[in-house]
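Undergrad: Take the sequence shown: its position 198, counting from 1, is numbered 198 in this note's numbering, and each next residue is one higher.
Yeah, the Cβ is synthetic: ideal placement off N, Cα and C, and Gly gets one too.
Keep in mind the model is a prediction, meaning the values are calculated, not measured.
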Amino acid sequence: MADSSYLKWPFFEPRHAQLAQELDAWAAQHAAHVHSGDTDGDCRQLVRALGAGGWLRHAVAGAENGGAGAQIDTRAICLIRETLARHNGLADFAFAMQGLGSGAISLAGTPEQKQRYLGKVAAGEAIAAFALSEPEAGSDVAAMACEARLEGDHYVVNGEKTWISNGGIADFYVVFVRTGEAPGARGISALIVDAGTPGFEIAERIAVIAPHPLARLKFTDCRVPVTQRVGEGGEGFKVAMRTLDVFRTSVAAAALGFARRALDEALQRATTRRMFGGVLADFQLTQARLAQMATQIDSAALLTYRAAWQRDQGENVTREAAMAKMTATENAQQVIDAAVQIWGGLGVVSEQPVERLYREIRALRIYEGATEVQQLIIARELLRGASA
Ligand SMILES: Cc1cc2nc3c(=O)[nH]c(=O)nc-3n(C[C@H](O)[C@H](O)[C@H](O)COP(=O)(O)OP(=O)(O)OC[C@H]3O[C@@H](n4cnc5c(N)ncnc54)[C@H](O)[C@@H]3O)c2cc1C
């Protein structure tokens, strides 16, 4: 395992350090080398392996539903994402999406919904997806247009969702739709739509710089039983925000994992690359760069684990999670860029670890709230405090 001294920080309990160490050993054997080029197949394999290894239990809440505990342990999911991201970005993605895709059910599902979906998610036997974004409603989520009309004991769904991770391979999708109980954000509901439901189709698979299953979804008079609604009618926006609240800090943790791997790769290269009668690490310019990378990682880690710890104490973390997500993703981008520079020409060769990291990190600065959106959240909280 690379630097693990942070596991002794006071944010963690002994069980957290044990979890990280056990997962590190597991991931080296079962996840690090899953790169066949068949992204869908790799993803399915990783979900099954993570389920069989018991790691997905941490992605769902409630022991009676196959979860590791009554609530989702934020520090545990952060350590899991950080460790998996260090070994293989797709393994982190597979874990994260099981949690995000089933998060609404963990938080607000009926006992029947929990029983039907969560056990399979935890076992890696069902793949989950979270469908909120639309072509005209990304950062401005409340502008969503996909609608569901109530007809007897069914909703009839029409519209589109896009950028949906696991789109095309998921077994079920938690879809946020406009149901019109009230204007704006108070007129949205969450529905579970099983893959294969008539009227629901994958309209397009989307290829991105770091391959992940991703799709645009289309609904045409798609009938979904009212019993598949998660939470009350009109409560969907709140359910979506509560779900993102749990997982936002874990995006920071994934960025941290990518950055730690980049620093390990940079150190390895700088200490072995021979030049000018010595090695690259002999030069103070290199040393300054390495020092900056390590400091950017520790600052991001402190913010990330502060937010995770604070959430596990039951406190509000709106500001702290936004600071963690913004800093960890922006710092990771810079750390990875520095690692590519240290690797020189080899740093841009396809499928070299630092080249892969360079592509993997980019989307994290955009999804689950772009950096600019995090800045607005932090400023809003500050200004609210200042005027109180
Ligand atoms: C790889 C990937 C996976 C994704 N997975 C999912 C998923 O599983 N489920 C899902 O629902 N969605 C998913 N998304 C969608 C993601 O959440 C959106 O891309 C994101 O919310 C941004 O929306 P947008 O792309 O429409 O960009 P826009 O909303 O058009 O924003 C473009 C840019 O504008 C800037 N900006 C935004 N707001 C402001 C502001 N107020 N002031 C100044 N600048 C601003 C930011 O730089 C932002 O990046 C995914 C996206 C990607 C790239």
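Considering just the uninterrupted stretch of the beta strand (DSSP E) at Arg178, what are its terminal residues?
TA: 172-178
Undergrad: From Arg261 to Pro14, what does the alpha carbon distance come to, in whole angstroms?
TA: 24 Å
Undergrad: If you draw a straight line from the alpha carbon of Ala370 to that of Phe247, how long is it in whole angstroms?
TA: 14 Å
Undergrad: Are there three or more Cβ pairs, one per stretch, closer than 8 Å when the stretch 63-74 is compared with the stretch 139-152?
TA: no
Undergrad: Have a look at His33 and Glu351 and give me their C-alpha separation to the nearest angstrom.
TA: 12 Å
Undergrad: With DSSP as the reference, label Glu360 as helix, strand or coil.
TA: helix
Undergrad: Trp163: which of Ile366, Glu125, Gln374 sits nearest, CA to CA?
TA: Ile366
Undergrad: Around the Cβ of Ser36, are there at least 16 other Cβ atoms within 10 angstroms (buried) or fewer (exposed)?
TA: exposed
Undergrad: Compare the Cα-Cα distances from His154 to each of Arg359, Gln228, Gly314, Trp55 and report the closest residue.
TA: Nearest of Arg359, Gln228, Gly314, Trp55 to His154, Cα basis: Gln228.
Undergrad: Take Val340 and list the residues in its own chain whose beta-carbon comes closer than 6 Å to its own, dropping the five residues that flank it on each side.
TA: Gly347, Val354, Tyr358
Undergrad: Please report how far the alpha carbon of Gln334 lies from the alpha carbon of Leu256, in whole angstroms.
TA: Their backbone Cα atoms lie some 12 Å apart in a straight line.
Undergrad: In terms of residue numbering, what span does the alpha helix (DSSP H) encompassing Thr271 cover?
TA: That residue, Thr271, is in no alpha helix (DSSP H); it is neither H nor E in DSSP.
Undergrad: With DSSP as the reference, please indicate the residues paired to Asn158 in a beta bridge.
TA: Note: Asn158 is bridge-paired with Glu147 in the DSSP secondary-structure output.
Undergrad: Quick one: grab the DSSP three-state call for Ala203.
TA: strand
Undergrad: Going along the chain, which residues of its own chain have a beta-carbon closer than 8 Å to the beta-carbon of Ala317, five neighbours each way excluded?
TA: Before going further, note that residue 317 is Val rather than Ala in the sequence given. Excluding sequence neighbours, Val317 sits near Asp245, Thr249, Ala307, Gln310, Arg311.
Undergrad: State yes or no: is the C-beta of Gly138 nearer than 7 Å to some heavy atom of ligand 1?
TA: yes
Undergrad: Taking 8 Å as the threshold (C-beta atoms), are Gln98 and Ala128 in contact?
TA: yes
Undergrad: Kindly examine ligand 1 and report whether one of its heavy atoms sits closer than 7 Å to the Cβ of His212.
TA: True, at least one ligand heavy atom lies under 7 Å from that Cβ.
Undergrad: For the beta strand (DSSP E) that Thr110 lies in, which residues bound it at each end?
TA: Per DSSP, Thr110 is not a residue of any beta strand (DSSP E), being assigned neither H nor E.
Undergrad: With a threshold of 7 Å on Cβ separation, who are the neighbours of Ser133 within its own chain once the five nearest residues in sequence on each side are excluded?
TA: Taken in chain order, the residues that qualify are Lys161, Thr162, Trp163.
Undergrad: Which two residues bound the contiguous beta strand (DSSP E) that contains Val224?
TA: 214-225
Undergrad: Can you check whether the CB of Gln113 is closer than 8 Å to the CB of Ile192?
TA: Yes, the pair counts as a contact, with Cβ atoms nearer than the cut-off.
Undergrad: Report buried or exposed for Asp282, applying the criterion of at least 16 other Cβ atoms within 10 angstroms of its Cβ.
TA: Label assigned to Asp282: exposed.
Undergrad: For Ala291 versus Gln374, is the C-beta distance shorter than 8 Å?
TA: In this structure, Gln374 does not lie closer than 8 Å to Ala291 by Cβ.
Undergrad: With respect to 7 Å, is the separation between the Cβ of Tyr367 and the closest non-hydrogen atom of ligand 1 below this value?
TA: Within the chosen limit of 7 Å, ligand 1 reaches the beta carbon of Tyr367 through at least one heavy atom.
Undergrad: Can you say whether Phe200 is buried or exposed, counting buried as having 16 or more other CB atoms within 10 angstroms of its CB?
TA: Buried.
Undergrad: Can you tell me the Cα-Cα spacing of Gly344 and Leu376, whole angstroms?
TA: When only Cα atoms are considered, Gly344 and Leu376 end up about 37 Å apart.
Undergrad: Return the residue from the list Arg356, Gly51, Asn158, Leu50 that minimises the CA-CA distance to His212.
TA: Comparing alpha-carbon positions, the option among Arg356, Gly51, Asn158, Leu50 lying closest to His212 turns out to be Arg356.
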